[in-house]
Amino acid sequence: MAYELVEVRTEGGKVGIVTLNRPKQLNALNNQLMDELGAALRAFDADEAIGCMIVTGSEKAFAAGADIGAMATYTFADVYKGDYITRNWETIRSVRKPVIAAVSGFCLGGGCELAMMCDFIIAADNAKFGQPEIKLGIIPGAGGTQRLPRSVGKSKAMDMALTGRMIDATEAESCGLASRVVPLDKLMEETLGAALMICDYSQIAVMAAKESVNRSFETGLADGVMFERRMFHALFATTDQKEGMDAFVNKRKAQFKHQ
Ligand code: DAK
Numbered sequence: 001m002a003y004e005l006v007e008v009r010t011e012g013g014k015v016g017i018v019t020l021n022r023p024k025q026l027n028a029l030n031n032q033l034m035d036e037l038g039a040a041l042r043a044f045d046a047d048e049a050i051g052c053m054i055v056t057g058s059e060k061a062f063a064a065g066a067d068i069g070a071m072a073t074y075t076f077a078d079v080y081k082g083d084y085i086t087r088n089w090e091t092i093r094s095v096r097k098p099v100i101a102a103v104s105g106f107c108l109g110g111g112c113e114l115a116m117m118c119d120f121i122i123a124a125d126n127a128k129f130g131q132p133e134i135k136l137g138i139i140p141g142a143g144g145t146q147r148l149p150r151s152v153g154k155s156k157a158m159d160m161a162l163t164g165r166m167i168d169a170t171e172a173e174s175c176g177l178a179s180r181v182v183p184l185d186k187l188m189e190e191t192l193g194a195a196l197m198i199c200d201y202s203q204i205a206v207m208a209a210k211e212s213v214n215r216s217f218e219t220g221l222a223d224g225v226m227f228e229r230r231m232f233h234a235l236f237a238t239t240d241q242k243e244g245m246d247a248f249v250n251k252r253k254a255q256f257k258h259q
């Protein structure tokens, strides 16, 4: 697929990087961009050589939300019947390998929701997160009212959704929205470091860890723990478990084969 609104590249032959690229609109998300992002992520997910993905934007904006100009004249019938702002918004959830959001600058509305659909967020110290939809007479519509409280708790989520205020990277880290904050000029280096580290682990164990953590958001504790236990049991059928434990016992570095 030819990409216009995202840039796609790999690093070290194993990390797939998708950079949102609509700079004049602060990476405002439209159908074409979301189609391209979805296609790029699906292609990386299917590529045996790729172990982890990164979604990022520009220094000024990860994404300033869905494209307001495109939405401005839509009617209820348009959005309810059509596939605008529904297609491909959830592709990222079906990707089985890890996806890290490397966020700098504005990360607002649908942009914040997109970042929250990634597996974790590494924020540059200039990042600003927010759900400002209330200022437009709407509410978050791509999971913000559901994922944000699960991430930061009810009080902070209500504060953000009802006032529309932005929080900075420090506040985002302290409330659990971002996993870490790094200086802007170290954002890609730090995120790549995390991605390459993940690539070197057993891909099967990595996928099982991702699936198990995600299950915790969809189920009760007893069922979730049982799911985790069965996953744990299953990993003893892999060559990588034998390799990982043998390497530890023999004080050498494990060479995982992803089998
Ligand atoms: N859409 C379209 N254009 C945008 C934009 C956006 N969200 N954000 C910024 N831009 C454009 C501006 O219009 C401006 O264009 P020109 O005037 O130069 O042509 C250019 O980007 C630079 O923006 P500013 O001049 O405003 O730059 P500033 O530094 O002064 O301000 C800002 C930056 C990020 C604070 C400001 O641009 C801003 O407040 N932007 C809007 C943020 C916002 O309200 N975001 C939420 C949008 S609603 C769903 C999926 C998704 C959604 C809903 C449902 N489903 C799957 C059902 C999502 C909804 C939303 O995200």
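FYI, in the UniProt record's numbering the residues of the sequence shown are 1 to 259.
We put the CB at the ideal spot given by N, CA and C, even for glycine.
Since this is a predicted model, take the numbers as computed values, not measurements.
Query: When the Cα of ASP47 is compared with those of ALA28, THR73, GLU7 and ARG96, which residue comes out closest?; Result: ARG96
Query: Determine, using beta carbons only, whether ALA127 and SER104 come nearer to each other than 8 Å.; Result: yes
Query: Does the Cβ of ILE139 have 16 or more other Cβ atoms within 10 Å, making it buried, or fewer, making it exposed?; Result: exposed
Query: So with Cβ pairs under 8 Å, would you call GLY111 a contact of chain C?; Result: Among the chains in the structure shown there is no chain C, since it carries only a single protein chain.
Query: How should GLU90 be labelled, buried or exposed, when 16 other C-beta atoms within 10 angstroms of its C-beta is the threshold for buried?; Result: exposed
Query: Count the CB pairs spanning the region 179 to 190 and the region 113 to 132 that are closer than 8 Å, and state whether there are at least three.; Result: yes
Query: With a threshold of 8 Å on Cβ separation, who are the neighbours of ILE68 within its own chain once the five nearest residues in sequence on each side are excluded?; Result: ALA28 and LEU136
Query: Return yes when at least one heavy atom of the ligand DAK lies under 7 Å from the C-beta of LYS135, else no.; Result: yes
Query: If I measure Cβ to Cβ from PHE227 and keep anything under 8 Å in the same chain, skipping five residues before and after, which residues do I get?; Result: SER212, ARG215 and THR219
Query: How many whole angstroms separate the CB atoms of MET166 and PHE129, which I take to be in contact at a CB cut-off of 8 Å?; Result: 6 Å
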